[in-house]
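To keep things clear, I will list the structure first and then write my remarks on it.
2 protein chains.
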Amino acid sequence: MSRDTGGGGSTSAARSRLLTTATRIFYAEGIHSVGVDRIIAEAQVTRATLYRHFTGKEELVLAYLGQADLGIRAQVEAARAGEETAAGEVRAVARSIADGIRSPGFRGCAFLNAVAEYPDPAHPVHRAVLAHRQWFLDTVTELLARIGDAPADGDGRHLVMLRDGAMAAGCLFDPELVCETFLRGVEDVVRSRGA
Amino acid sequence: MSRDTGGGGSTSAARSRLLTTATRIFYAEGIHSVGVDRIIAEAQVTRATLYRHFTGKEELVLAYLGQADLGIRAQVEAARAGEETAAGEVRAVARSIADGIRSPGFRGCAFLNAVAEYPDPAHPVHRAVLAHRQWFLDTVTELLARIGDAPADGDGRHLVMLRDGAMAAGCLFDPELVCETFLRGVEDVVRSRGA
DNA sequence: ACAAAAAGAGACCGAACGTTCTCCCTCACT
DNA sequence: AGTGAGGGAGAACGTTCGGTCTCTTTTTGT
Chain C
3 MSRDTGGGGS
13 TSAARSRLLT
23 TATRIFYAEG
33 IHSVGVDRII
43 AEAQVTRATL
53 YRHFTGKEEL
63 VLAYLGQADL
73 GIRAQVEAAR
83 AGEETAAGEV
93 RAVARSIADG
103 IRSPGFRGCA
113 FLNAVAEYPD
123 PAHPVHRAVL
133 AHRQWFLDTV
143 TELLARIGDA
153 PADGDGRHLV
163 MLRDGAMAAG
173 CLFDPELVCE
183 TFLRGVEDVV
193 RSRGA
Chain H
3 MSRDTGGGGS
13 TSAARSRLLT
23 TATRIFYAEG
33 IHSVGVDRII
43 AEAQVTRATL
53 YRHFTGKEEL
63 VLAYLGQADL
73 GIRAQVEAAR
83 AGEETAAGEV
93 RAVARSIADG
103 IRSPGFRGCA
113 FLNAVAEYPD
123 PAHPVHRAVL
133 AHRQWFLDTV
143 TELLARIGDA
153 PADGDGRHLV
163 MLRDGAMAAG
173 CLFDPELVCE
183 TFLRGVEDVV
193 RSRGA
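Chains as they are written, first to last, in the working numbering: chain C, 3 to 197; chain H, 3 to 197.
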């Protein structure tokens, strides 16, 4: 068990525990306010093991965001699967986002939270957030472009803006009301494109 | 100069410098990542002076948010003044928000940024953010209620959601496009109420 | 003029930070 | 059987953190 196939990404029980723990704690409590001691303690790993797999805390943060990125891409893909129309896919993605907001332990968007702690645009963490956001904007814009003939750029930005607002407010207001408002807004956008 | 009138809030040159500096740095760089040393150095104040005016860093953070709250209330009030209709007031507030997003040095919403660093709902900083947001939601909802006869709660939440999304994306995407999308969304809400 | 408050200067504290180090043990593959 | 990487355990590094302290100087109101 826990053998590296020699390919690209390394895998091991300790590294996996480290990443899972870091993901949980960083998402729930923020990044700057938790030290590596907390993470290695809860991951039941020694300090040396951390620095054997990551060059430092920053790389651990980047791995956390990388994992979050993979998770969201999978979530979007899963939501789109099974839908037959582009409008159906957009609605399914929106429902999936709403489900996340309603989930216990929801603490907002991991990327928006992270970028609030890394305002420097040149910082790798900040850039990772921008990259993820660009992917999401492109994805929903392409999806919307398949509904009707109107240019989709504005509607894509509109949808992302609603999502950002919903993710930000989802852990500050009543999640149920936030989801209702969000889904209604998405429906308006989809209908305005003739679906 | 710099004399306390004996009323409620104390005023002094050093305290004012401290608060101005803290506001600037906390907003631009975050809270947990800047130490009191940075603040006292740039405020040209000694350590003892900080702790003479504030019980600790946390109180300084709360004072920072209090100042930001006052600033936004004044901004909203200024935008509303001179408008003759409720719809005009909503549009003016939205334009004022867009102006902020377009301003150089815009780093998003001070409250959303702060709450990302204080996820604990029981923490005073977190609660200060919730209080500010509740005020803003109430304000725009009351304003929207004066346009048309339909219930305004949903539209108020919709408008706040757009604002949150715009503030979050305003320093991550092209501010001009963000403002355009935001103002269009606000216009849709206002028009849907018959204005 | 005088007393009180505010501010400056800087030493100092214990704790936590991220990081590096050595030593030894346990596996898995050759 | 042996070799080398992965991991556990823990000491130690220098730095920074938030916060407290004493002492002196400046300012301010009476």
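Built from N, CA and C at the ideal position, the CB exists for glycine as well.
The C-beta distance from H/LEU145 to H/GLU91 rounds to 6 angstroms, short enough to fall under 8 angstroms. Each residue's CA atom was taken as its position, placing H/ASP157 and C/THR51 some 52 angstroms apart. Along the segment 23-42 of chain C, the positions whose C-beta sits under 7 angstroms from a C-beta of chain H are ALA30, GLU31, GLY32, HIS34, SER35, read in chain order. In terms of beta-carbon proximity, H/HIS160 lines the interface with chain C, with at least one pair separated by less than 9 angstroms. Exclusion of the five residues before and after H/GLN69 leaves LEU21, THR25 as the residues of its chain whose Cβ lies within less than 8 angstroms of its Cβ. Non-local beta-carbon contacts of H/GLY110 in its own chain, meaning distances under 7 angstroms to residues more than five positions away in sequence, involve MET169, ALA170, GLY172, CYS173 in chain order. Rounded to the nearest angstrom, the Cβ distance from C/PHE28 to C/TYR66 is 5 angstroms, consistent with a contact under 8 angstroms.
The segment 95-104 of chain H makes no contact with the segment 36-50 of chain H; the number of CB pairs closer than 8 angstroms stays below 3.
Cα atoms of C/ARG129 and H/VAL188: separation of roughly 30 angstroms, rounded to the nearest angstrom. For secondary structure counted as the alpha helix (DSSP H) over 4 or more consecutive residues, the segment 119-156 of chain H holds these complete runs in sequence order: 126-147. The beta carbon of H/ARG82 sits closer than 7 angstroms to those of GLU91, ALA94, VAL95, all from its chain and outside the five residues before and after it, given in chain order.
In this structure, the CA atom of H/LEU64 is about 32 angstroms from the CA atom of C/ALA100. Cβ neighbours of C/ALA152 within its own chain (closer than 7 angstroms, five residues either side excluded): ARG195. Closest option to C/ASN115, judged by alpha-carbon separation, among C/VAL131, C/THR13, C/ALA124: C/VAL131. Assignment of C/GLY196 by DSSP, reduced to helix, strand and coil, places it in the coil class. No Cβ of chain C is located within less than 9 angstroms of the beta carbon of H/THR141. The beta carbon of C/HIS55 lies closer than 8 angstroms to those of SER12, SER14, ALA16, ARG17, LEU20 in the same chain, with the five residues before and after it left out. One thing to note: H/THR48 has its Cβ no nearer than 9 angstroms to the Cβ of H/ILE41.
C/GLN46 and C/LEU62 have their C-alpha atoms spaced approximately 16 angstroms apart. Between C/GLU119 and chain H, the shortest Cβ-Cβ separation is below 9 angstroms. Contact between C/PHE184 and C/LEU164 holds, with the beta-carbon distance rounding to 6 angstroms and staying under 8 angstroms.
DSSP, reduced to helix, strand and coil, places H/ALA65 within a helical segment of the structure shown.
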